Amino acid sequence: MDHNKRTALLTAIDLGNLTRAAEQLGYTQSGLSYIIKSVEAEFGFPLLIRSRSGVRPTADCMRILPLLRDLHHKSQMLEQEVADIRGLAVGTVSVGVFPCISRFWMPGILRNFTARYPGITLSIRESGQEDLDLWLREGSVDLLLYSRQPNYNHQWIQFVQDDLCAVVPEGHPLTWAKEISLDQLTGEPFIMEDDAHDHDIPRLLKDSGFRPNVCWSSKDELAILNMVREGLGVSVLPGLYLKEDHPGVVVLPLVPRAYRQLGAAMVSLEDLSPAARRFLDSAKTTMGVK
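Residue numbers (the working numbering): 1 to 290.
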């Protein structure tokens, strides 16, 4: 199984869709399907379950998937180390990010990185906390830009502390306050960010002993802000989303102060490929991290 076939199979598995995988790799869909069928013929058993919703690995494929990922990683490491010795900056980096980081941080990071390393291909995958952690553990991304969790054992480089703040609609009785405690939101209709998407706010509420009157939930912070604007309830959201102007919504700092840590996570800093190390260094420089 050569490198290109392995890349085609893993991309199809990670994206769960042959059309999107073919577009990313520069194949036609029929061409990608042919490559995967040739790998299945080589192995002697089916690797993908195909349906209208996309593709997913078979049980037999899941059994060998960790080995395939490890082999793919080591193959990429070898190619990049050889290129590095020759003074070439090439390779592929896969980065998992929060949607808010993709929106607010990645444009600047990408601009600086691609200008300096045009020979390195960068793949960005967006999702919430649980998906990102799974992708890092299974090896389908090289590193993450997201929120640090106390129960995760990844190596961590902190970029910023991001305040968590209460948000209420304009005209709400609490808008007179310069800061509020969670207890002041007791009994208010509460719009909760989905806990599979975000662990920081549910952990804050649990640790503080505050039991919100949850009436609505969403994994989309902008949807939550729109619901608050319409008077459907109050919420607590990350400050990264609240730096922009949101008419009809009032942002109130929490007391005591609450925040999340945003930065880069990886299984092992020492095991990052040369391309991934270059991306990490470039991201740190863009974010002003020493």
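No residue lacks a Cβ here, since even glycine has one placed at the ideal position from N, Cα and C.
None of the values given here were measured: they were computed from a predicted structure.
Please go through the same chain and pick out, in chain order, the residues whose beta-carbon is closer than 6 Å to the beta-carbon of residue i, but skip the five residues on each side of it.
i           : result
alanine 283 : Ile109
valine 228  : Val167, Pro169, Ser235 and Val249
leucine 185 : Val234
serine 140  : Asp14
leucine 48  : Val55
Excluding the 5 residues preceding and the 5 following residue i in the sequence, name in chain order all residues of the same chain whose CB lies nearer than 8 Å to its CB.
i             : result
glutamate 138 : Leu65, Pro66 and Arg69
proline 189   : Asn213, Cys215, Trp216, Leu232, Gly233 and Val234
leucine 71    : Arg6
glutamine 155 : Ala265, Met266, Val267, Ser268 and Leu269
leucine 10    : Leu68, Arg69, His72 and Ser140
For residue i and residue j, which I take to be in contact (beta-carbon distance under 8 Å), what is that distance rounded to the nearest angstrom?
i              : j                 : result
isoleucine 120 : arginine 278      : 7 Å
valine 255     : isoleucine 180    : 7 Å
methionine 287 : phenylalanine 113 : No, methionine 287 and phenylalanine 113 are not in contact; Cβ-Cβ is about 12 Å, not under 8 Å.
serine 296     : glutamine 76      : It is not possible to answer for residue 296, since the shown part of the chain is limited to 1 through 290.
serine 208     : aspartate 142     : Contact flag wrong, Cβ pair sits at about 35 Å.
aspartate 163  : proline 253       : 7 Å
Are any of the Cβ atoms in chain C nearer than 8 Å to that of residue i?
i         : result
serine 75 : Checking the listed chains, one finds no chain C in this structure; it contains a single protein chain.
On a Cα-Cα basis, can you pick out the residue from the options that is closest to residue i?
i              : options                           : result
lysine 219     : Ala12, Cys100 and Gly44           : Cys100
tryptophan 105 : Met266, Leu272, Leu262 and Val267 : Leu262
arginine 52    : Ala89, Glu79, Lys243 and Thr19    : Thr19
histidine 73   : Thr92, Glu23 and Gly31            : Thr92
serine 38      : Met62, Leu134, Arg63 and Asp2     : Asp2
histidine 199  : Tyr152, Asn226 and Arg63          : Tyr152
Measure the alpha-carbon distance for residue i versus residue j and round it to whole angstroms.
i              : j                : result
alanine 12     : glycine 231      : 43 Å
arginine 148   : aspartate 14     : 23 Å
arginine 116   : alanine 275      : 12 Å
aspartate 245  : valine 251       : 10 Å
isoleucine 124 : leucine 145      : 10 Å
arginine 103   : glycine 96       : 13 Å
serine 33      : aspartate 131    : 26 Å
cysteine 291   : phenylalanine 98 : This structure does not reach residue 291, given that the chain is present from 1 up to 290, and the question cannot be answered.
glycine 171    : alanine 196      : 32 Å
leucine 174    : aspartate 84     : 58 Å
valine 296     : arginine 50      : Residue 296 lies beyond the residue range present for the chain, which begins at 1 and ends at 290; the question has no answer from this structure.
leucine 280    : alanine 264      : 8 Å
alanine 223    : glutamate 193    : 10 Å
glutamine 129  : arginine 203     : 13 Å
valine 90      : aspartate 60     : 33 Å
valine 82      : arginine 211     : 56 Å
leucine 182    : threonine 58     : 47 Å
proline 238    : alanine 21       : 32 Å
By Cβ distance, which residues of its chain are closer than 7 Å to residue i, with the 5 residues on each side in sequence left out?
i             : result
isoleucine 35 : Lys5 and Ala8
alanine 41    : none
Within the region 206-272, ranges of the alpha helix (DSSP H) (whole runs, at least 4 residues): Listed in chain order, they are 221-229 and 239-242.
Segments assigned beta strand (DSSP E), at least 3 residues, entirely inside the region 103-182: If we require 3 residues or more, the beta strand (DSSP E) runs fully inside the region 103-182 come out as 120-126, 143-147 and 155-169.
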